[in-house]
Amino acid sequence: MAAGPYCDPSPPKRIVEALKTRFPGAVLEETEFRGELTLLVPGEKIVEIGRYLRDDAQGDFSMLTGVVGLHFLERDYEHEVVYQLYSLEKNHRLRLKVRLRPGETVPSLTPVWPGANWPEREVFDLVGVRFQGHPDLRRIIMPEDYPDHPLRKDFDVEGGPTSIDPPGRPASPGFRDMEHA
Amino acid sequence: MEEKRVFAEPPPMTAEVPEGRDALHGDRMVINMGPSHPSTHGVLRLVLTLDGEIVKSVQPHVGYLHRGMEKIAETMTYHQFIPYTDRLDYLAPLSNNVGYILAVEKLMGITVPPRAQVIRVLCCEIARISAHLLWLGTGALDLGAATVFFHTFRERETLYDIIESLTGGRLTTSYPRVGGLVRDLPEGWKEKVAGFVASFPKVLDELDGLLTGNQIWLKRTQGVGRISAADAIALSLTGPNLRGSGVAYDVRKSEPYSGYENYEFDVPIGNEGDVYDRYLVRFEEMRQSVRILDQALKNLPEGPINIDDPKIVLPPKDRVLKKMEELIQQFMIVTEGFEAPAGEVYHAIEAPKGELGFYIRSEGGKSPYRLHIRSPSFIGLQAIEKMAVGSLLSDLIAIIASLDPVMGEVDR
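As they're listed, the protein sequences go chains F and W.
Quick note: the first sequence uses our numbering, first residue 1, plus one each step.
Quick note: the second sequence uses our numbering, first residue 182, plus one each step.
Structural data, given as structure tokens:
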């Protein structure tokens, strides 16, 4: 059996400890599930924290593998933005998370990881999070003139009215409406 | 009576260069390439600004194949979403199936029996060879080397036969299930794969002879679309596109899943980061995949293919048709699904295009609260600007082919 450099799904605790010392009060919540570590951090500090984690010799998170946007109804925050970090050298992963109240924006991570460009555009397009300082915050998946953000939870899976629907007639009921009828 | 055709006088030839321009650098031309174009490999649209034949800017537009899969996932049970994953990277559906299932299994805390793990590895590597063959054939065809295309498609047909006899479908495989596999290997399947493993290296040698040392191929690919390792990492490239720049990152090695730590194989890397190196990397990966297939066939253990959990795994079909309990069990799993614990997981596999990751957020219940697909093609397309600006328009074709995007996965 070949012994390989196996990935540590969460980085050594000392990185988190060092992060806490460097930014007191920045880690709002620390959760571990199935061995994966998630840190909830304040949105306004995400760039500083990102830059620190990228340049820190212990953390060495050279790659931002992805950005995910989540939308919530009936909570005291509206959006969560989830950042997946990975270290090529140290072979460990870390997940950062910020929570945004309605109308709040979050600084873009493109200055730290240029690869955040398209993923952040996707989050903006699909759930409607605005990234401050993003160089090119346009829709990417949906058409440019699309009025809505389809992965929001108040957007029905059957879609909203479209330009294809005949004028004056409501869109055909989706299976959800029929269930409730 | 025949009408006399009158031709307009051609404008006089002039060597005068208009004010503010020099003779070589005239007007910029904006060209729309795609979304329906043979070299964009799907519905990729690029808006190019050209100065003569030199690409000055590239503006990719994606989303033409958006089907809202992530939204759909939120409305169905974990099992119901499996067929949708076939339609992500439709050149390697088996690989997507396995990636998704492993993420769900991580969420559920399931480890499948060894036999299922080995069969999944077989599936992934067959998918990788099939996807790389398509990349090789169409990529070479884009650059005018038509012969290669026919050889690769003949081999892909063999692979499709193998896939069909295993799963029942050529493209829409939906083979793995949460907790195992839908059915065990059919009679004679191992021998078919063994036959392929025996004959395929010879075909690879032939293809190698057609391209690797070919002067025209070298001229079209060497030094074209170069990207440095630092840039490739910063732009989050993964898979062969990253390895072509000399970064040995392969999820199969760094974070082995499904028992990949038990196989001996090498991770090829390039050093220039150009189209040629990405070509060499993918080519060598096919040889390595054959090695893995060979080892998997030789060490295929006997035993169950599913975990023993009647709340998750469907009962065997012949018992469903005859027994009351199994019928109820099947009905409950199909109509109700199974409960997943609340939590969030990210699981990545090394798909043919790179790191394919599924992020699942569960709030408990039978369907995910949010499912995000980190598709390597989507992230990889970001790099096209870095690679193509300053190169010739004809080289852009080679660059697109070398990035190997699949739009089903880009647009989701």
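For each residue, glycine too, the CB sits at the ideal point set by N, CA and C.
On a predicted model such as this, the values are computed, not experimentally measured, just so you know.
- Chain-ordered, the chain W residues with CB closer than 7 Å to the CB of E36(F) read V526, Y527.
- Contact annotation for E536(W) against chain F: T65 [CB-CB distance below 7 Å, chain order].
- By the neighbour-count definition (other C-beta atoms within 10 Å, threshold 16), I212(W) is an exposed residue.
- As a beta-bridge residue in DSSP terms, M63(F) pairs with Y86(F).
- The Cβ neighbour count for N277(W), taken over all protein chains shown within 10 Å, is at least 16; the residue is labelled buried.
- In summary, the residues of the stretch 426-446 of chain W whose CB is separated from some CB of chain F by less than 7 Å are V428, Y430, K434, S435, E436, P437, E442, N443, E445, in the order they occur in the chain.
- Taking 8 Å as the cut-off, the Cβ atoms of V67(F) and A116(F) count as close.
- G420(W) sits close to E536(W), with the two beta carbons spaced by under 8 Å.
- Shown here, Y438(W) sits in coil according to DSSP, grouped into three states, outside any helix or strand.
- Shown in chain order are the members of the stretch 16-42 of chain F whose Cβ falls below 8 Å from a Cβ of chain W: F33, R34, E36, T38.
- I450(W) is a Cβ neighbour of R424(W), given a cutoff of 8 Å.
- When 8 Å is used as the limit between beta carbons, V243(W) is near these residues of chain F: I140, I141, in chain order.
- Fully contained in the stretch 470-554 of chain W are the following beta strand (DSSP E) runs of length 3 or more, in chain order: 521-532, 535-546.
- Within 7 Å of the CB of S62(F), the CB atoms of chain W belong to I414, in sequence order along the chain.
- Taking every protein chain shown into account, the CB of N480(W) has fewer than 16 other CB atoms within 10 angstroms, so this residue is exposed.
- The Cβ atoms of V570(W) and V239(W) lie closer than 8 Å to each other.
- Within chain W, A415, L416, S417, I560, Q563 have C-beta atoms less than 7 Å from the C-beta of G115(F), given in sequence order.
- When secondary structure is reduced to three states using DSSP, V68(F) falls in the strand class.
- Note that the C-beta distance between E80(F) and D60(F) is not below 8 Å.
- Distance from the CA atom of M250(W) to the CA atom of N395(W), rounded to whole angstroms, is 42 Å.
- T256(W) reaches chain F at V157, counting residues in chain order whose Cβ is nearer than 7 Å.
- Identification of residues in the stretch 252-277 of chain W having a C-beta nearer than 7 Å to some C-beta of chain F yields K252, I253, T256, given in sequence order.
- About 10 Å separates the beta carbon of W113(F) from that of L53(F), a gap too long to meet the 8 Å contact definition.
- Under DSSP, H242(W) forms a beta bridge with R226(W).
- Residue pairing by DSSP puts E30(F) in a beta bridge opposite L39(F).
- Residue contact with chain W for L151(F): present (Cβ-Cβ distance below 8 Å to some residue of chain W).
- Chain F places no beta carbon closer than 8 Å to that of D490(W), leaving this residue out of the contacts.
- Put simply, the backbone Cα of V462(W) is about 46 Å away from that of G25(F).
- Residue contact check for D592(W) against chain F: a CB pair falls below 8 Å.
- For N452(W), there is no enclosing alpha helix (DSSP H), since its DSSP letter is neither H nor E.
- The secondary-structure analysis by DSSP pairs Q132(F) across a beta bridge with P107(F).
- Per DSSP, the continuous alpha helix (DSSP H) segment holding R335(W) begins and ends at 327-348.
- The DSSP-derived three-state label of E566(W) is helix.
- For V81(F), the three-state secondary structure derived from DSSP is strand.
- G545(W) and G360(W) have their C-alpha atoms roughly 18 Å apart.
- Ranked by Cα distance from K287(W), the first of S439(W), P586(W), P497(W), V501(W) is S439(W).
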